[in-house]
Amino acid sequence: GQSLEQPSEVTAVEGAIVQINCTYQTSGFYGLSWYQQHDGGAPTFLSYNGLDGLEETGRFSSFLSRSDSYGYLLLQELQMKDSASYFCAVRGEGFNKFYFGSGTKLNVKP
Amino acid sequence: ETGVTQSPTHLIKTRGQQVTLRCSSQSGHNTVSWYQQALGQGPQFIFQYYREEENGRGNFPPRFSGLQFPNYSSELNVNALELDDSALYLCASSLGGGGTGELFFGEGSRLTVL
């Protein structure tokens, strides 16, 4: 089975940096993705880590440590539009089968 | 490039009825996955289709079934609807065989079961 843990809610101010952690227990692991979902919208892809280390995409970075079954998403220079839910998702065996966490609701305040 | 489209966007059914949801995958994508997202929760993997064959299934009962067509579009069918089936149903397309691990989601079909 698959089990993912992430904080339910995080609040930060505009311009700040926030880190959203994700720990997982899975029967098979092939990578960790992060998705953003605004209320009423579709999840949109942010980042993917297939190997240990840091991946950087603009203001967003993602980190993976397979030995610790742990990853995080780092959001820098927070903007109001970053207020959304963020999901980590483990890639399981097979083609792009992903198992999602319950999500972290990020509230960005002025 | 055409994105993932789903229909209908909203629908209301009563307990015991059957429903069919439809998905057109992104151009060039041969893999379609279906997810159920309850309010305030993350998407839960239902099943995946690759080149018209089911290629993996999550923890959902057999009354959840699907199809993928030669043009890679897909259907999700749910029989004997229960109140707990009320959720947003998301379709995601991708290119099978690995890659960046990116799923392209549609806007979803919101099902309400009364």
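Residue numbers (the numbering used here), protein chains in the order written: chain A, 1 to 110; chain B, 1001 to 1114. Glycine residues also receive a C-beta, built at the ideal position from the N, C-alpha and C atoms.
Is residue j closer than 9 angstroms to residue i when the C-beta atoms are compared?
{"i": "Phe87(A)", "j": "Gly1042(B)", "result": "yes"}
{"i": "Gly92(A)", "j": "Phe100(A)", "result": "no"}
{"i": "Ser1109(B)", "j": "Ser1074(B)", "result": "no"}
{"i": "Ala84(A)", "j": "Lys105(A)", "result": "yes"}
{"i": "Gln1048(B)", "j": "Asn1055(B)", "result": "yes"}
{"i": "Val1019(B)", "j": "Lys1013(B)", "result": "yes"}
{"i": "Cys22(A)", "j": "Glu5(A)", "result": "yes"}
{"i": "Asn49(A)", "j": "Glu55(A)", "result": "yes"}
{"i": "Phe60(A)", "j": "Leu46(A)", "result": "yes"}
{"i": "Glu103(A)", "j": "Gly1040(B)", "result": "Looking at the sequence itself, residue 103(A) is Gly, so the reference to Glu does not match. For Gly103(A) and Gly1040(B), yes; Cβs fall inside 9 angstroms."}
Run the CB neighbour count on residue i, radius 10 Å, all protein chains shown included, and call it buried at 16 or more, exposed below.
{"i": "Phe1105(B)", "result": "buried"}
{"i": "Phe63(A)", "result": "buried"}
{"i": "Glu1001(B)", "result": "Here the model assigns Glu1001(B) a pLDDT of 49, short of 50, so the residue's position is not dependable, and the following value carries that caveat. Exposed, by the Cβ-count rule."}
{"i": "Leu73(A)", "result": "buried"}
{"i": "Pro43(A)", "result": "buried"}
{"i": "Ala1087(B)", "result": "buried"}
Where does residue i fall in DSSP's three states?
{"i": "Lys97(A)", "result": "coil"}
{"i": "Leu1090(B)", "result": "strand"}
{"i": "Leu1039(B)", "result": "coil"}
{"i": "Leu1083(B)", "result": "helix"}
* Asked: In the stretch 77-110 of chain A, which residues sit with their C-beta less than 7 angstroms from some C-beta in chain B, listed in chain order?
  -> Phe87, Arg91, Gly94, Phe95, Asn96, Lys97, Phe98, Tyr99, Phe100, Gly101, Ser102 and Gly103
* chain B contacts made by the stretch 43-73 of chain A, where a contact means CB separation under 8 angstroms -> Pro43, Thr44, Phe45, Tyr48 and Gly50
* Of all the residues that make up the stretch 10-41 of chain A, which are near chain B by a beta-carbon distance shorter than 9 angstroms? -> Tyr30, Gly31, Leu32, Ser33, Tyr35, Gln37, Gly40 and Gly41
* Pair every Cβ in the stretch 22-32 of chain A with every Cβ in the stretch 1053-1072 of chain B, then say whether three or more of these pairs are closer than 8 angstroms. => no
* Asked: Relative to chain A, which residues along the stretch 1005-1021 of chain B have a C-beta separation below 7 angstroms, given in chain order?
  -> none
* To do: Output, in sequence order along the chain, the residues in the stretch 1054-1085 of chain B whose CB is closer than 7 angstroms to any CB in chain A.
  => Asn1055 and Gly1056
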